[in-house]
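Residue numbers (numbering that gives the first Met the number 0): 0 to 406.
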Amino acid sequence: MNPSKLLIDVGSTYFKLCANGKLEQHFRNFNKSILDDLNEKCKQTIQQFTSENIYICSSANGGLSTLIIGLTNSFSVKYATNIALNSGINIIDTILYQDIEKASVPSDLIDVVIIVGGINSKRDVFGESLYRYLSQLNYSSVVYVGNTKDSIQVKSNIQHITVLPNIIDDRLHIVEEDLRTYLTNLYQQDIEGKEDIKDLYQITNNQIYSTPYIVNRTLPLIDARFSVVNPFILLDIGGATTDIHYSKDLVVDNLVTENEFDRVVFKKLGVYKSRESLVFVAKKNEFVGELLMHLNVTEYIFDEHSEKSTRILMQLAIFLVLCKMSHYRPSYINLKLLAINSIVLTGGVTKVLTQKEAEDIISFFYKKILTSAHRPITVMDKDYAIWTLGSGIQLEVQKQEQHEGER
C-alpha cells in the first residue's frame with residue numbers, strides 16, 4: 000500500500016478508507032449523500048490528500064440486470080451467460096428464440112438485453128417475433144452479438160441497438176472480449192451515473208471503479224498475503240450483493256476463455272439492502288429448513304431485525320451462494336467445489352461471523368449438498384486487506400496506462 004495514497008471503497012452499507020497503512024470503516028448514514036457522509040466522518044483524513052492521490056471504488060449500485068435471448072442453450076445462451084456473469088451482470092432470465100412467442104415479459108426495467116445466436120455463415124436466424132417481443136419490453140440498452148449476416152436487418156428493426164462481433168466463432172468456440180468489454184463499461188457507467196457516486200469526483204481526479212473488478216485483480220497474488228492453499232474461491236458478502244471470485248480452472252464446463260480468473264455477482268443476495276430477496280431465495284431452498292434446525296432457529300428469524308438475525312442471514316448467504324455454484328443449481332456456473340482447498344471470506348460477513356460460525360456453514364454445505372467429508376480451509380479477511388491490495392494493483396495499472404499514452 001502506497002502511504003501517499005488514500006483508498007476509499009463505497010459499499011451499499013459501509014464505506015472503508017485506507018491511508019498510511021491504517022484501515023477504517025463507517026456505517027453509512029442513508030439520510031445523507033455519500034460525499035456529505037464521508038466529509039462528516041472522515042474530513043480530516045480526506046484533507047490530507049490531493050484529488051490526484053485519492054482512489055475510489057464502489058459496489059453501491061448492486062450490479063446490472065440482463066435478459067438473454069438466444070438460439071440454443073448449449074452454445075449461444077451458455078456463452079452469453081458466462082460472459083455476462085463474469086462481467087458483474089445479474090441475469091434475470093434467458094429465453095430461447097424458438098419459445099419467444101409464449102415467453103413472459105418482465106415488468107421491471109431491464110438494464111441490458113443480449114441477443115445472440117448462429118454462426119456467421121448463417122442468415123435469417125431472427126425475425127418479426129423478436130421485434131414484437133422487444134416492443135413490449137422495458138429496457139435501457141440492447142446489444143446484438145449474433146451472426147454477422149443478420150446484423151444489418153436487426154439494426155434496422157431495433158432502435159439504438161449496439162452491434163458487436165459474434166461471440167461464437169466458426170469452430171463454435173467462445174469469443175468474449177468485445178461483449179465483456181461492453182458489459183464491463185456499462186457496469187462502470189452505471190456506477191458513475193449514480194448521483195451520489197458522481198459527487199465523489201469532487202474529491203478525486205481518478206476513475207471510480209467497481210469493487211468486484213478491483214477485488215478480482217487480487218486473485219493472482221492473494222496467496223502471497225494470506226495463508227491460502229490453491230486452488231481457492233473468494234466470497235465477498237455485503238449489504239446488497241454477494242460476489243464469488245474463482246479461477247477458470249475450477250469451472251466444470253470450462254469454456255475457451257481468455258481470462259485466468261472470473262467472478263459472478265449475485266445482485267439479490269445481500270443482507271441489508273437485499274434482505275427481502277435473500278429471505279425469498281432462502282425459503283425456496285429445500286435444505287434451508289434443515290439448516291435452520293442445525294442453527295437452532297426457526298423461520299421466525301426472518302421476521303426479526305436483530306444481531307442474531309443478521310448473523311443467521313450471513314450464514315445463509317454463504318450456504319446459498321455455494322448452492323448456486325454447485326450441481327444443485329445447474330442453471331448457474333458449476334464449480335469443482337470438491338477440488339478447492341481454501342474458501343476466503345471478505346466484506347461485511349467477516350465483521351458479523353466468527354471463524355467457527357463460517358466453518359460450521361461450509362461444513363454443513365459439503366456434508367449435506369455434496370455428501371462429502373471434504374473441508375476447505377476457511378480464511379477470514381477481517382481487515383479488508385484484499386480490497387486494498389486490489390486498489391494498489393490498480394494504481395500500478397493506471398500508471399502503466401499513463402506511460403503508454405505518453406509514448
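Built from N, CA and C at the ideal position, the CB exists for glycine as well.
What number of angstroms, rounded off, separates the C-alpha of residue i from the C-alpha of residue j?
i      : j      : result
Val343 : Phe48  : 32 Å
Asp359 : Tyr200 : 43 Å
Thr345 : Trp386 : 9 Å
Gln158 : Val287 : 45 Å
Thr93  : Thr349 : 34 Å
Asn295 : Ile311 : 10 Å
Val255 : Val280 : Unreliable positioning characterises Val255 in this predicted model, as indicated by a pLDDT of 47, which lies under 50. A coordinate reading is not provided.
Asn119 : Leu185 : 26 Å
Val378 : Gly20  : 21 Å
Val104 : Leu136 : 6 Å
Glu356 : His293 : 12 Å
Lys4   : Lys282 : 44 Å
Lys15  : Ile151 : 47 Å
Ser11  : Gly237 : 8 Å
Tyr212 : Leu334 : 20 Å
Ala338 : His373 : 9 Å
Thr241 : Arg274 : 12 Å
Thr210 : Asn72  : 31 Å
Val141 : Ser325 : 30 Å
Ile90  : Thr65  : 5 Å
Arg216 : Ser246 : 12 Å
Leu6   : Ala102 : 46 Å
Asn1   : Lys42  : Note that Asn1 has pLDDT 49, beneath the 50 cutoff, so the model's placement of it is unreliable and no number is given.
Asp8   : Leu290 : 33 Å
Tyr132 : Asp107 : 15 Å
Cys17  : Glu23  : 7 Å
Ala316 : Leu277 : 7 Å
Ile243 : Val162 : 29 Å
Cys56  : Ala384 : 14 Å
Tyr54  : Ile160 : 33 Å
Asp97  : Val124 : Residue identity check: residue 97 is Gln in the sequence provided, not Asp. Each residue's alpha carbon lies about 10 Å from the other.
Asp177 : Asn52  : 31 Å
Ser58  : Tyr13  : 10 Å
Ile376 : Arg122 : 51 Å
Leu388 : Tyr327 : 33 Å
Glu303 : Phe363 : 24 Å
Ser139 : Leu63  : 11 Å
Could you tell me which residues DSSP puts in a beta bridge with residue i?
i      : result
Glu23  : Leu16
Phe231 : Ser341
Ile236 : Thr241
Ser140 : Val111
Thr387 : Answer is none; Thr387 lacks a bridge partner.
Tyr208 : Cys56
Val378 : Val343
Leu220 : Paired residues: none, contrary to the question.
Asn8   : Correcting the residue identity first, residue 8 is Asp in this sequence and not Asn. In the DSSP output, where bridge partners are listed per residue, Asp8 has Lys15 and Cys56.
Leu454 : There is no way to answer for residue 454, as the model of the chain reaches only from 0 to 406.
Quick test of your reading: residue i and residue j, contact by CB under 8 Å. State the CB separation rounded to the nearest angstrom.
i      : j      : result
Leu95  : Gly69  : 7 Å
Ile166 : Val115 : 6 Å
Ile202 : Ile45  : 6 Å
Asn156 : Tyr130 : 5 Å
Ala83  : Leu218 : That belief does not hold up - the Cβ atoms of Ala83 and Leu218 are roughly 20 Å apart, past 8 Å.
Asp168 : Gly117 : Incorrect: roughly 12 Å between the Cβ atoms, too far for contact.
Val144 : Ile113 : 7 Å
Val227 : Ser341 : 5 Å
Ile99  : Ser128 : 5 Å
Practice task
Report yes or no: do the segment 298-306 and the segment 361-370 share at least 3 C-beta pairs separated by less than 8 Å?
Solution key: no
Practice task
Inspect the CB distances between the segment 167-187 and the segment 77-90 and report whether three or more fall short of 8 Å.
Solution key: yes
Handout entry: the segment 315-324 touching the segment 231-244, judged by at least three CB pairs closer than 8 Å
Key = yes
Exercise for the section: Could you pull out every unbroken alpha helix (DSSP H) segment of at least 4 residues lying fully inside the segment 34-113, listed in chain order? Expected result: 77-85
Problem - Segment contact flag, the segment 36-43 with the segment 180-191, C-beta cutoff 8 Å, min 3 pairs - result: no
Handout entry: Secondary structure, alpha helix (DSSP H): runs of 4+ residues fully inside the segment 266-331
Key = 274-283, 287-293 and 306-323
Problem - Contained beta strand (DSSP E) runs [length at least 3] in the segment 147-199, N- to C-terminal order - result: none
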